[in-house]
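Structure first, then comments.
Number of protein chains: 2
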Amino acid sequence: MKVNKERLKQDFDNIARFGKLDNGGVTRLAFSEEDLKARQYLLDVMKSLNLKVSIDAFGNIRGRREGQFDLPPVMIGSHLDTVPNGGHYDGVIGVIGALEVIRVLNENNIVTKRPIEVINFSCEESSRFRAGTLGSKVMVGKFTKDKLKTSIDKDGISLYDALKQAGYDPDRLEDARINNGDIYAFMEMHIEQGPVLEQEKYQVGIVTAIAAPTRFKVLIEGRADHSGNTPMNMRKDALTGASALILGVEQIAKSEAGERTVGTVGYVYVEPGAMNVVPGKVELGIDIRDINSTDKKVAVKKVIDLIHKIQKQRNLEIKYEILADEEPVVLSNKIISCLENEAKKYGFSYKLMPSGAGHDAMYMTNVTNVGMIFIPSINGVSHNIAEFSRMEDIKMGTDLLLKATIKLAQEECE
Amino acid sequence: MKVNKERLKQDFDNIARFGKLDNGGVTRLAFSEEDLKARQYLLDVMKSLNLKVSIDAFGNIRGRREGQFDLPPVMIGSHLDTVPNGGHYDGVIGVIGALEVIRVLNENNIVTKRPIEVINFSCEESSRFRAGTLGSKVMVGKFTKDKLKTSIDKDGISLYDALKQAGYDPDRLEDARINNGDIYAFMEMHIEQGPVLEQEKYQVGIVTAIAAPTRFKVLIEGRADHSGNTPMNMRKDALTGASALILGVEQIAKSEAGERTVGTVGYVYVEPGAMNVVPGKVELGIDIRDINSTDKKVAVKKVIDLIHKIQKQRNLEIKYEILADEEPVVLSNKIISCLENEAKKYGFSYKLMPSGAGHDAMYMTNVTNVGMIFIPSINGVSHNIAEFSRMEDIKMGTDLLLKATIKLAQEECE
Chain A
901 MKVNKERLKQ
911 DFDNIARFGK
921 LDNGGVTRLA
931 FSEEDLKARQ
941 YLLDVMKSLN
951 LKVSIDAFGN
961 IRGRREGQFD
971 LPPVMIGSHL
981 DTVPNGGHYD
991 GVIGVIGALE
1001 VIRVLNENNI
1011 VTKRPIEVIN
1021 FSCEESSRFR
1031 AGTLGSKVMV
1041 GKFTKDKLKT
1051 SIDKDGISLY
1061 DALKQAGYDP
1071 DRLEDARINN
1081 GDIYAFMEMH
1091 IEQGPVLEQE
1101 KYQVGIVTAI
1111 AAPTRFKVLI
1121 EGRADHSGNT
1131 PMNMRKDALT
1141 GASALILGVE
1151 QIAKSEAGER
1161 TVGTVGYVYV
1171 EPGAMNVVPG
1181 KVELGIDIRD
1191 INSTDKKVAV
1201 KKVIDLIHKI
1211 QKQRNLEIKY
1221 EILADEEPVV
1231 LSNKIISCLE
1241 NEAKKYGFSY
1251 KLMPSGAGHD
1261 AMYMTNVTNV
1271 GMIFIPSING
1281 VSHNIAEFSR
1291 MEDIKMGTDL
1301 LLKATIKLAQ
1311 EECE
Chain B
901 MKVNKERLKQ
911 DFDNIARFGK
921 LDNGGVTRLA
931 FSEEDLKARQ
941 YLLDVMKSLN
951 LKVSIDAFGN
961 IRGRREGQFD
971 LPPVMIGSHL
981 DTVPNGGHYD
991 GVIGVIGALE
1001 VIRVLNENNI
1011 VTKRPIEVIN
1021 FSCEESSRFR
1031 AGTLGSKVMV
1041 GKFTKDKLKT
1051 SIDKDGISLY
1061 DALKQAGYDP
1071 DRLEDARINN
1081 GDIYAFMEMH
1091 IEQGPVLEQE
1101 KYQVGIVTAI
1111 AAPTRFKVLI
1121 EGRADHSGNT
1131 PMNMRKDALT
1141 GASALILGVE
1151 QIAKSEAGER
1161 TVGTVGYVYV
1171 EPGAMNVVPG
1181 KVELGIDIRD
1191 INSTDKKVAV
1201 KKVIDLIHKI
1211 QKQRNLEIKY
1221 EILADEEPVV
1231 LSNKIISCLE
1241 NEAKKYGFSY
1251 KLMPSGAGHD
1261 AMYMTNVTNV
1271 GMIFIPSING
1281 VSHNIAEFSR
1291 MEDIKMGTDL
1301 LLKATIKLAQ
1311 EECE
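Quick note, the sequences are listed as chains A and B, same order.
Reading the first sequence from the start, the letters are residues 901 to 1314 in our numbering.
Reading the second sequence from the start, the letters are residues 901 to 1314 in our numbering.
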């Protein structure tokens, strides 16, 4: 009993068409026309697989395969929306893998004790409304109705209106809430979005914990001066101050906090930003992550100390705002063990590893036991046309997802 | 015989209206409607002062006050165009100062041996067509007809079309050329655009040399990776590489080249530029200046060495392009002495100083003896609504310009 690579490939190719760009990439923003087409495809497939479909007020799509008993289900899935100009694997493989699990169960006439549900979470990517993993957040009560009208995309469309236009029911958002115990277990298969599995030659990753970011917005104010007429010792250059901070964040993450701490400055805006003007203002974003809460706190503290030091040394005004400061979450030991046992049994080489990226799986830990499977990302690239995972790796991951889903649905992982 | 501050103020206020913004700043881009209005004002004043007006093919406006003899004239002036959202002093004070010199000569019925010409150079600011000091470059043959159609503003209008629309004659650009000997001397009064005169409490600056920039465009290519899932030791972060370069440029200019060397990174573009992505590409601009050619070469060499070092250390691809590498120019000793003598005679405290910024005066050195007067810039600010110079300082500078113009026109500076 194995998954069928051809069928996976077929689903993959079918979904890849929705929002495909001339450069080969894809833009399938949450609730866009392309996303709605992909959702319709998913609904059609679910129906063809005899799943009982339900769609909640936020558009989260669930397809249920009944079990022997009317118990809380094992849920598997991910998301179909993408970033702008993104790749074809992020999110998608978790949904097509879940569909393939159902197909194998159907063709083998397996009846599991517990129901199994396939889920497509709405709006996992933060690109459109500047906030992501919204489907799972809504389900666990971490994103509420009051934010629907204030979440606005770049064209001025609110999340509320986007939901209405898509035919969902934002006025009844609270109906999408689920409670502790409603779901027996949740598993998400996803691309790694990092280079570790490929570089260390593992076939699959079993995720142990999800590192939540602490994010800073930093505003550095110096004085814009003429680049030719301002002697070096009379400058207040916001960009040299920013550079000291950027190198400091790298240094702190590399060797002054935890072994797994990562620290990134991903964007910098310079004002006025002209060749012949000493920069007067800089805004930059800092993203610090760790699965160890203590190590992350150490790194964050050192970054703040460094900001104060640079401010003083360089006579700049530096303000910072902490945009997010979430706690890392640990995934279910029961599911991790179950995945390990199955991987060993079938001879898949696996690595127990953290996820540095956030996923819907993170929020699902609020209401159920959660596991995640990582598929190697070639060159570690994601959110990009160069994003690529091998179909044989996706097949292997789906086989692991299948085995573990059966074990959980049969209550054989206790 | 002194200049009249009220008349200066009147001209200043009149010109400040053309392109004035709600925030108090001004946008008077080269050959724009606002610039053309300011030019018309200048023409009207020139005519009211009985100057003989001529306009060349590039729109450079000259107003001539005849002398006793038909000899090459003493030319004084600057420019009326501004950067977007700029201030009211840059360029303007050199033109209104020159008009006031004529007024004083007229009201005192002074006939000089040599003619005196007031000039407004076209398109001094590089904001509109990405190339500046074009009026003087055209006059000395450093900007030629072949570039008129390829110099395009942000709305897609070529310099050729802008000239046509303004009523000038781009097809006969070469007619604007002047030759060595056509002009006896040129003097430009300008704001300092730096903080030195104010901080060191001088009333006026006498410019000894103009530092020409060496400008680099640098492209750093690393690899865009997920900020959460890419361990620090597996990254190729283009922005940390850029930061090392930015701090290196500062260090080289501060203490590893000449005493007067300045080095600036004025802009940085980061790709993809998202909070949660390790930057894959960075473009930045480096501007190195010195009035000492040897010191500048040392600095440029060190910057290039540093680029190679960072490329190797951080496993990045770094390409650079030298956009400009001009030679610093030394101004006329004869005129510097003349200005010094007059300043001493009238008790103005002056500083002999370089200009870090380029000016039309720089190109005029190709065909004649050149001098420059700097007026203190409060807080060193320019190209900005905060640009400010005190009217009493402008008056004092204009008095110095008047005295030196008379000396030169009377051939008493030999």
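Think of the CB as a built atom: it goes at the ideal place given N, C-alpha and C, for glycine as much as any other residue.
Within chain B, the C-beta atoms nearer than 9 Å to that of ARG1115(A) come from MET1175 and ASN1176, in chain order. Legend: CB atoms of the region 1067-1093 of chain A lying less than 8 Å from CB atoms of chain B belong to residues GLU1092 and GLN1093. Residue-level contact by beta carbon holds for HIS1283(A) and chain B, with a gap shorter than 8 Å. The three-state reading of DSSP puts SER1282(B) in coil, since its state is none of H, G, I, E or B.
Per the coordinates, the alpha-carbon of GLU1242(A) lies some 23 Å from the alpha-carbon of PRO972(A). Contact with chain B is absent for TYR1102(A), since none of that chain's Cβ atoms lies less than 8 Å from the residue's Cβ.
Along the region 1116-1170 of chain B, the alpha helix (DSSP H) occurs as fully enclosed runs of 4 or more residues at 1138-1151, listed in sequence order. Counting every other CB atom within 10 Å of its CB across the protein chains shown gives ASP1187(A) a total of 16 or more, marking it as buried. Close to THR1140(A), with beta-carbon spacing below 7 Å, are these residues of chain B in chain order: ILE1146, LEU1147 and GLU1150.
In this structure, the alpha-carbon of SER1282(A) lies about 31 Å from that of GLY1166(B).
By the beta-carbon neighbour count (other beta carbons within 10 angstroms, threshold 16), PHE969(A) is exposed.
Against chain B, the beta carbon of GLY959(A) has no neighbour under 7 Å; the closest one sits roughly 24 Å away. DSSP places TYR1263(B) in the helix class (H, G or I) of the three-state scheme. The beta carbon of ASN1129(B) falls within 8 Å of a beta carbon belonging to chain A, placing the residue at that interface. Counting the other Cβ atoms within 10 Å of the Cβ of ASN1284(B) gives 16 or more, which makes it buried.
Listed in chain order, the alpha helix (DSSP H) runs fully inside the region 1214-1248 of chain A are 1233-1246, counting runs of at least 4 residues. In this chain, the beta strand (DSSP E) harbouring GLY1105(B) covers 1104-1110. Contact annotation: the region 1161-1175 of chain B touches the region 1116-1131 of chain A, with at least three C-beta pairs closer than 8 Å. No Cβ-Cβ contact shorter than 8 Å links MET1296(A) with LYS909(A).
Under the three-state reduction of DSSP, GLU1017(A) is assigned to strand. Counting of Cβ neighbours within 10 angstroms places GLU1312(A) among the exposed residues, the total staying below 16. By the rule that beta-carbons nearer than 8 Å mark a contact, LYS1244(A) does not touch chain B. Against chain A, the beta carbon of GLY1185(B) has neighbours under 8 Å at MET1175, listed in chain order. Here VAL1018(A) is not near GLY967(A), since their CB atoms are 8 Å or more apart.
Cβ contact annotation for VAL1270(B) (same chain, cutoff 6 Å, sequence separation greater than five): PHE1086, LEU1231, SER1232, ALA1261 and MET1264, in chain order.
Residue environment for TYR989(B): buried (at least 16 other C-beta atoms within 10 angstroms of its C-beta).
Under the three-pair Cβ rule at 8 Å, the region 1073-1093 of chain A does not count as touching the region 1197-1205 of chain A. As computed with DSSP, HIS979(B) is found in a beta bridge with PHE1021(B). Rounded to the nearest angstrom, the Cβ distance from PHE931(B) to ALA1066(B) is 5 Å, consistent with a contact under 8 Å.
According to the DSSP assignment, TYR941(A) belongs to the alpha helix (DSSP H) that extends over 933-948. Residue range 905-916 is occupied by the alpha helix (DSSP H) that includes ARG907(B).
Under the three-state reduction of DSSP, ASP1046(A) is assigned to helix. Counting along the chain, MET1296(B) sits inside the alpha helix (DSSP H) bounded by residues 1291-1309.
Take the alpha-carbon of LEU951(B) and the one of ARG964(B): they are about 5 Å apart.
The contact set of ASP1125(B) on chain A, defined by CB atoms closer than 8 Å, consists of GLY1094, PRO1095, GLY1280 and VAL1281 in chain order.
LYS1202(B) carries a helical assignment under DSSP once its states are collapsed to helix, strand and coil.
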